[in-house]
Amino acid sequence: MASVGNLANEIVRELQRYANVVSEDVDTAAEEVANDLVDELRNISPKKTGSYRKGWRIKNVRGKRIVHNKTDYQLTHLLEKGHVKRGGGRVPAKVHIAPAEQKAVDEFLTKVEQAVRP
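Each residue of the sequence shown is one higher than the one before, starting from -7 at the first, in our numbering.
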């Protein structure tokens, strides 16, 4: 017959195994979502010379994946929000990051919820 100490050890071991599985699934989901986001941003970004469009990258910082534009990072805010012209007037915004970001967030949350469910 199992003692209370063995039961506690078994419960702790099972919880650690579950935590490891969930952690791996969340890391996999983050990688997949980041790759999908980069692909989508490369497809929907404005194209003049193509440098901005090709500049989307994933950077891993302390276990977190950061999607950024490596080549023309200065343009992200100007294109997303619009800006004032030199001679007066405004350049209209070309919103392309916000919808892709929201789609990635929703997709990531869905994948995490699936990973947590047994």
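Here a beta-carbon is modelled for each residue, glycine too, at the ideal position from N, C-alpha and C.
Cutoff 6 Å; reference residue i; Cβ partners in own chain excluding five residues on either side
i	result
Ile58	Lys51
Ala85	Lys73, Gly74
Met(-7)	In this predicted model, Met(-7) has a pLDDT of only 49, less than 50, meaning its place in the structure is not dependable; the value taken from the coordinates is given anyway. So no residue of the chain qualifies.
Gln94	none
Classification of residue i by the beta-carbon crowding that lies within 10 angstroms, buried from 16 upward
i	result
Val25	buried
Ala22	buried
Ala96	buried
Rounded Cβ spacing between residue i and residue j (contact assumed at less than 8 Å)
i	j	result
Pro38	His75	About 13 Å separates the two Cβ atoms, so there is no contact after all.
Selection from the options that minimises the alpha carbon distance to residue i
i	options	result
Leu67	Gly42, Ala21, Leu101	Gly42
Val104	Asn(-2), Gly(-3), Val14	Val14
Lys62	Lys86, Trp48, Glu2	Trp48
Tyr65	Thr20, Arg78, Ala96, Tyr44	Tyr44
Arg34	Glu6, Gly55, Ala92	Ala92
Leu29	Gly55, Glu16, His60	His60
Lys40	Gly55, Ala11, Leu71	Leu71
Contacting residues, own chain, Cβ-Cβ under 7 Å from residue i (five flanking each side not counted)
i	result
Val18	Val104, Ala107
First and last residue of the uninterrupted alpha helix (DSSP H) at residue i
i	result
Arg34	-4 to 36
Val104	89 to 108
Arg78	Segment: none, Arg78 is in no alpha helix (DSSP H) and carries neither H nor E.
Lys46	43 to 46
Lys40	Segment: none, Lys40 is in no alpha helix (DSSP H) and carries neither H nor E.
Heavy atom of the ligand GTP within 7 Å of residue i beta-carbon
i	result
Glu93	This structure simply doesn't include the ligand GTP, nor any ligand for that matter.
Cβ shell of residue i (< 8 Å), same chain only, five flanking positions each side left out
i	result
Arg82	Gly74, His75, Val76
Where the beta strand (DSSP E) through residue i begins and ends
i	result
Arg57	56 to 61
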